[in-house]
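A.B. asks: This is the structure I have questions about; it appears just below.
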Amino acid sequence: MIVAKRKPLGEIADMIAPYKKITVIGCRSCVAICLAGGEKEVKMLVSALKVKNKKEGRKQQFEALVVERQCEKEWIQEVEDKILDSDLVLSMACSLGAQTIGDNYPHKLAFPALNTGIFGVPEEQGVWSEKCVGCGNCIIHTTGGICPIARCAKSMLNGPCGGSSDGHCEVNLEIDCAWYAIHERLKLQNRLELIEQVSAPKDWSTSHSGGRRTYVREDAKLTQHQKKGKGAVR
Amino acid sequence: MTPRRPKIVGFCCERHGLDSPVAAAKSGITYDASVRIIDVPCTGRVDGLHILKALEDGADAVFVLGCLEKNCYYDTGSIEGRKRVEHVRSMLEEAGIEKERVEMFNTSSTMTWRFPEIVSKMCDVVNRLGPLGKEGDEQ
Amino acid sequence: MSRSVLIIGGGPAGVSAAKALVDRSEGIVLVERSESLGGMARELTCKGVSECRNCGACYVVDRSTELLRDQSAEVLLLSETTQVKKNGNGYEVKIKISPRYVTNNCIGCNKCIEACPVDDKAIFAPTGNGQPRHHWIDRSKCLHFKKDKCQKCADVCPTKAIDYEDRARNVTRKVSSIICATGMEPVDASEVKRLGGGVLENAISSLDAERILNKHGRLLRPSDGKQPKKVAVIQCVGSRSMKTGVEYCSKFCCKYATKISQLLIDQDPEVNLDFYFMDLRTLYEPHDDFKRWVKERKKTVRMIRSMPAVVLPGNDGNLVVRAATETDSEVIETEYDLVLLSVGMRPAGNSKELMDALGIKADERGFAICDKSLEDSGVFLVGTTCEPMDIEETSVKAAAAASRASHRKEGA
Amino acid sequence: MKGQIQVIGCKSCTEIPQLIDMNKLIEKASTMDLVVSTVLVGAVCDSKSIKQVVQEAKEREVDRVVVLACPKKVVNPALLAAFKKAKVNEFLVEYVNIRDEVVLPHMDDPPRAQAKAETMMVAALQKVMGLKPLETLKEQMRTRNVVVLGGGASGRKAAETAAKTGAHTIIIEKGTKSFKAPGVLMQNSVLLKSKGYGGNFVLTIRAGEKVEELQCAAIVVATGGGWTRLNGPLAKACKSALPLYELDEQIRAGKKMEGPIVIVDSPDPAGKSMQVRDYAWDESLELAIELKRRSTDSDITIVFQEMRAFGLSELRYKEAAELGVRFIRYDATGIPKIDPKEPNVVSVKDLAQGETIRLRFGTLAFASIPANDDNEGIADTLRIPMSPDGGIRHGSIQRGPVSTPRPGIFICGSALFPKTKDIAEEEGMVAGELAGEFASKGIIEYGGSVAEVTQEKCSACLTCIRTCPYEAPFIGIANKAEIRTQACQGCGMCVGICPSKAIELRNCTDDIIMQETKTMLRGDF
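Residue numbers (our numbering), protein chains in the order written: chain A, 5 to 238; chain B, 9 to 147; chain C, -7 to 404; chain D, 541 to 1065.
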């Protein structure tokens, strides 16, 4: 899932300082699960900001909302009036949320309250670690199910760099060397021969460096004929 | 009207948390009246939101009082409570509000002196830091 | 025949047993000599600051409160079992209840104590955390019962809780079995003069320390009420020594002494603490926990395996401890603000008649001897009556005895 | 619910010492809307006034009550019972502890106390309107089985005692030990899975070859210490080394042990952090004395770090010393070692002399009891916590000495940490008693103020499931969290942590708490 983290309150406060009527919108999917932008976080942020304002004698009006998935316009349309009615929308979703609002209501300001971080896995309650960077061309079947691009600091494709020392990464001794892990895993699976194989330079065009990516599913797209006017879900 | 007195909210768990004011009362110890006791089944029930809302609604300081860790009736409740309090404290710090205004305390039913001590401690904090925000601007 | 059980003694053992029986909705009569429940545990302080240290002090207080709240339980305070007669399979007991002179209206505001003209007071609050919190009057001291009908306390009492008309009562109860939990008494520190017990003001017994902590939440020097910065804790004072006649190990001293030491450091990490001991016999924890804890605090805490020879007065209330080093190679003297003497325990002296009536024999140390035949006759011994033990063990054994007692009844 | 509130003031609790003007308070109450009845009684706990207030309640068709007196725990339960009869839901009776929270602590400031009391009353009135009528439900226990895990000293005692309470006991013994025990004894069987909650557990057990399901009302964990497994460095170096209890058995069986005998508290008998207990020491001292008595010339040495001769066994310590048993104390600086080349010599640094000595031995015994390796498995299956030293951890002492955090599961003996035999047995007795009592209730009472999930809001993030100490939340068929009400204890931990605010604690909702706080803060005192 997408893992995000709330910006420091001070930063948020400065960001929204000039505006009077602020709508804070959370999201019930990824960011709710990673405890960053669910209903609770939204309410707490609003409350904390109110306390801050109270202390500093500033007056601002807040509205706290949560939508199912902020990255989809249909869900956002449900709270349209609230958005239109405010000076500023503070999005407590991943930046997709903020951008979707922005794209749908270009004349409205939609600011992010979260820093969108990683495609992460919850290792335990409250700990998320990055395991994918979305390069668009997955190879983990050859690397024992461990992604060297996400989990190696240097995204090495052919074995560890020289800096790997007893299973740790030279860039940050806290984290494990991805290639050490790959070796161990392959050994476990009796597929060590795979590590010998030299993989050719990766075609990065599928990744971000090929510019902004758009995935299209032709059979799912509605033809001009099918399309109705602004169709809402419910 | 009289100069604004400190307003302190104390979320107390129904076990030792509420036993300790009772114990103090029964031993004839008096303490400042500005504390408002809100009873919750367990400090694990206390949500950061409750604490922030209290500050928002006019409290100058908030404390959470539960059983001693490892002696919580619900086993892990007071540990959970402490984590919530710590989170709120860090939020306050980020927002530039004195985090001393929010505290977690643990107690047991034998500490007659504990509750009065806590109250006076929080009162001192407020007297030192002054009220949170100006009088009457509670949303 | 009455189904209820007589419990002699309202300390940890008595209360736990009583509670266990009451939970099983069985009738009990609890006879406690003093004015409140809790026994020794009343004066013990909670050893935790934010984390529980399993000292069990609160356990006793909680149980006592619950017991007093329970309508079905008959708790007789300030009373004594005067006579026990075998009665079929059970017993018939006479109990003398002395007057308290204070009714349940008492709210423990302590005004009466301030008002009392007697120098060392004639009206008292319950000891430590004793439950219930109602005060009581010591007739022998109270001036009301002397010529000049003093009634200052009655005058100041906001709830008119003073009742000079209160009179002693004798009651008789038929019970199926008897649980004897007469408990123990601490060794008096003043028996160990060489360590300053009872001689030097700032050489206090662990029990005094508990009292002070329990009352103020902080340990203060008796001499000047300052918080000590350098403390010595001396183990086995009066235990494991022929002199005081307590040649056995009192078992719980290591437990509470280590926990008090930890409490002191928790409250004020600045405190320097030396822990003099012979063998470390902490209970119910991986045995090196305390040692590990000490290691983490090398700078402030030292464990010294040595029995100090003597404690001498130093300047302004300080004390000098003279002790051999661990390897007996040399003798060193160290100065402290406060010396804490971990005193052991003795079985409480019981009235001979009662023991005989119950058929309880005592060994040469005064510990009651538990044997099968005794339990068959319906007399159960619990707690420190028969050997040294701490609150946790006591509560378990008491509950077990209670269970045996109630099953015996079913058998009967 | 119409919302017709009755306010009861109790003089005996509150009017002392004429500090609070109850009449004023009650008058104020009568002016509040929805208050249909106000009563001021001498003492709300005496049966007369209970009759009076309930009578009044009936006449005015009261459905909610606010009692201005002392803590709920203290007020006579008869009051609640009476209200129940008067068709007032017990969860709609709100107690305000005027006595201990206002009257007594604020004697020196009557005006503020009065104001505070008033505010508390107003808050209570608002709160009581927010409450919903709840009911406690009952579920039949399917069996009166009490399962005892482990057939050791404490386990057997537990079974015996539980049987006395009328429960049907089943002992799950992993070994082939056979002994007389009430109920069923399942030898070489192991606990595989456990479902359910206190009163209705379903255990999956592998008995020999076959796997079977077993229903039970209560469980006693008595799996004991990890005696048998000795694979620490010392044990590895000296294959013939015995755990103390085996030496004990052999000697009691009259077997002549080859001398000299060395009993050592190995720092690491099972290759894990060691726990030496009084058990070991009582036993080793008794053994030493026994051997010395048999033949005075037998050569016995006890090597130890701390001589834990608790209580009266101090006397045995002395006796053993007098009989000429050799005691050697060591510490971390010189732990006992055995050189594999000389497997019958243990060398250790004697603290007293400060020099290393070599002890030639014929028999070596370990006096230390490692924690049981099975604990982890058991704790995982039963979902009960463990202590860092590998024992099973018991719950808050507030729940009594032999309880685990989970109702219906009790624990005794060396499973927590090694203990002397007699304490283990006493614990077993208590655990058995409690388990038996628990089972003999026959019904599980549940419900009342418990957590419930608003499924539309739930993001199925599993946070509640990971946080709950009682295994109450689970993911239901709708792939949303649900609460197993029978297991829920109403602590509200899941409620406080739910990121989607999908869980609420009945009659203790966020709104109620925050409203109460707000009102309390409005009051000026």
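Even glycine gets a Cβ: it sits at the ideal position worked out from N, Cα and C.
In chain A, which residues lie less than 7 Å from glycine 56 (chain B) when you measure between Cβ atoms?
C.D. replies: What glycine 56 (chain B) touches in chain A: Met48.
A.B. asks: Looking at the structure shown, is valine 761 (chain D) part of a helix, part of a strand, or coil, going by DSSP?
C.D. replies: Correct three-state label for valine 761 (chain D): strand.
A.B. asks: Sorted by chain position, which residues of the same chain lie with C-beta nearer than 7 Å to aspartate 260 (chain C)'s C-beta, five sequence neighbours on each side aside?
C.D. replies: Hits under 7 Å: Gln219.
A.B. asks: With burial defined as no fewer than 16 other Cβ atoms inside 10 Å of the residue's Cβ, what is the status of glutamine 680 (chain D): buried or exposed?
C.D. replies: Exposed, by the Cβ-count rule.
A.B. asks: Looking at the structure shown, is aspartate 348 (chain C) part of a helix, part of a strand, or coil, going by DSSP?
C.D. replies: Aspartate 348 (chain C) falls in the helix class under three-state DSSP.
A.B. asks: On a CA-only basis, which of D:Met847, D:Ala569 and D:Ile951 is nearest aspartate 871 (chain D)? Give me that one, please.
C.D. replies: Considering only alpha carbons, the answer is D:Met847.
A.B. asks: So, is the C-beta of isoleucine 0 (chain C) closer than 8 Å to a C-beta in chain B?
C.D. replies: No, its Cβ sits nowhere closer than 8 Å to a Cβ of chain B.
A.B. asks: How close, in whole Å, do the beta carbons of arginine 639 (chain D) and alanine 609 (chain D) come, if the pair is a contact with beta carbons under 8 Å?
C.D. replies: 7 Å between Cβ atoms; contact.
A.B. asks: For asparagine 206 (chain C) and leucine 922 (chain D), I'd like the C-alpha separation in whole angstroms.
C.D. replies: C-alpha separation (whole angstroms): 39 Å.
A.B. asks: Please state if the CB of isoleucine 383 (chain C) and the CB of alanine 107 (chain C) are separated by a distance shorter than 8 Å.
C.D. replies: Contact flag unset, no.
A.B. asks: Please check if any C-beta of chain B sits within less than 8 Å of the C-beta of methionine 814 (chain D).
C.D. replies: Since pLDDT at methionine 814 (chain D) reaches only 48, below the 50 mark, its modelled position is unreliable, and the value read off the structure follows with that caveat. No - not a single Cβ of chain B is within 8 Å of the one on methionine 814 (chain D).
A.B. asks: Evaluate lysine 733 (chain D) with the Cβ neighbour count: other Cβ atoms within 10 Å of its Cβ, from every protein chain shown; 16 or more gives buried, anything less gives exposed.
C.D. replies: Exposed: under 16 other Cβ atoms inside 10 Å.
A.B. asks: By DSSP's criteria, isoleucine 983 (chain D) is part of a beta bridge. Which residues make up the other side?
C.D. replies: Looking at the DSSP assignment, isoleucine 983 (chain D) forms a beta bridge with D:Gln680.
A.B. asks: Can you list, in chain order, the residues of its chain whose CB lies under 7 Å from that of valine 335 (chain C), leaving out five sequence neighbours each side?
C.D. replies: Once the five neighbours on either side are set aside, the close Cβ partners of valine 335 (chain C) are Pro178, Val179, Ala181, Ser197, Ser198, Leu199, Val229 and Gly230.
A.B. asks: In the structure shown, what three-state DSSP assignment does aspartate 890 (chain D) receive?
C.D. replies: Looking at aspartate 890 (chain D) - three-state DSSP - the assignment turns out to be strand.
A.B. asks: For the 8 Å Cβ check, are there 3 or more pairs between the stretch 320 to 330 of chain C and the stretch 369 to 389 of chain C?
C.D. replies: Touching, no, given that fewer than three Cβ pairs across the two stretches are closer than 8 Å.
A.B. asks: Can you tell me where the beta strand (DSSP E) with lysine 733 (chain D) in it begins and where it stops?
C.D. replies: Element bounds for lysine 733 (chain D): 729 to 737.
A.B. asks: Report the CB separation of leucine 851 (chain D) from cysteine 241 (chain C) in whole angstroms; it is logged as a contact under 8 Å.
C.D. replies: Per the sequence shown, the amino acid found at residue 851 (chain D) is glycine instead of leucine. Rounded, the Cβ-Cβ distance is 6 Å, consistent with contact.
A.B. asks: Could you check if glutamate 966 (chain D) is buried or exposed, using at least 16 other CB atoms within 10 Å of its CB as the buried criterion?
C.D. replies: Per the 10 Å Cβ criterion, buried.
A.B. asks: Bridge partners of cysteine 31 (chain A), per DSSP?
C.D. replies: Paired residues: A:Val71.
A.B. asks: In whole angstroms, what separates the C-alpha of methionine 814 (chain D) from that of isoleucine 909 (chain D)?
C.D. replies: Confidence at methionine 814 (chain D) is low in this model, with a pLDDT of 48, below 50, so the placement of that residue is unreliable and no value is reported for it.
A.B. asks: Kindly indicate if chain C contains any beta-carbon less than 8 Å away from that of threonine 84 (chain B).
C.D. replies: No, because no Cβ of chain C sits closer than 8 Å to the Cβ of threonine 84 (chain B).
A.B. asks: Would you please verify whether the beta carbon of cysteine 99 (chain B) is less than 8 Å from any beta carbon of chain C?
C.D. replies: First, the residue type needs correcting, since residue 99 (chain B) is methionine and not cysteine in the sequence shown. No, because no Cβ of chain C sits closer than 8 Å to the Cβ of methionine 99 (chain B).
A.B. asks: List, in order along the chain, the chain D residues whose C-beta lies closer than 7 Å to that of lysine 389 (chain C)?
C.D. replies: Those are Glu966, listed as they occur along chain D.
A.B. asks: Beta-carbon of lysine 61 (chain B) versus every beta-carbon of chain A: anything under 8 Å?
C.D. replies: Judged by the 8 Å Cβ criterion, lysine 61 (chain B) is in contact with chain A.
A.B. asks: Determine, using beta-carbon pairs with one atom in the stretch 34 to 46 of chain C and one in the stretch 248 to 255 of chain C, whether at least three such pairs fall under 8 Å.
C.D. replies: The stretch 34 to 46 of chain C, when compared against the stretch 248 to 255 of chain C, does touch it at the 8 Å Cβ threshold.
A.B. asks: Suppose you measure from the CA of glutamate 157 (chain C) to the CA of arginine 109 (chain B); what does that come to, to the nearest Å?
C.D. replies: Cα to Cα, glutamate 157 (chain C) sits roughly 52 Å from arginine 109 (chain B).
A.B. asks: Would you kindly check if the distance between the Cβ of alanine 955 (chain D) and the Cβ of glycine 930 (chain D) is under 8 Å?
C.D. replies: No. Outside cutoff.
A.B. asks: From the DSSP secondary-structure annotation, give me the bridge partner or partners of methionine 176 (chain C).
C.D. replies: According to DSSP, methionine 176 (chain C) bridges with C:Pro339.
A.B. asks: Could you tell me which of C:Lys39, C:Arg92 and C:Gly1 sits nearest to serine 132 (chain C), measuring between CA atoms?
C.D. replies: Of the candidates C:Lys39, C:Arg92 and C:Gly1, the one whose C-alpha sits nearest the C-alpha of serine 132 (chain C) is C:Arg92.
A.B. asks: DSSP beta-bridge partners for tryptophan 132 (chain A)?
C.D. replies: Note: tryptophan 132 (chain A) sits in a beta bridge opposite A:Pro126.
A.B. asks: What's the call for alanine 236 (chain A), buried or exposed, on a 16-neighbour Cβ count within 10 Å?
C.D. replies: For alanine 236 (chain A), the predicted model reports a pLDDT of 44, less than 50, meaning its position is unreliable and no value from the coordinates is stated.
A.B. asks: Can we say the stretch 53 to 65 of chain C touches the stretch 77 to 93 of chain C, given the rule of at least three CB pairs closer than 8 Å?
C.D. replies: Contact between the stretch 53 to 65 of chain C and the stretch 77 to 93 of chain C is absent, because fewer than three Cβ pairs lie under 8 Å.
A.B. asks: Please decide whether isoleucine 37 (chain A) counts as near chain D, where near means a Cβ-Cβ distance under 8 Å.
C.D. replies: Output row for isoleucine 37 (chain A): interface = yes.
A.B. asks: Report yes or no: is there a C-beta of chain B within less than 8 Å of the C-beta of glutamate 641 (chain D)?
C.D. replies: It does; some Cβ of chain B falls within 8 Å.
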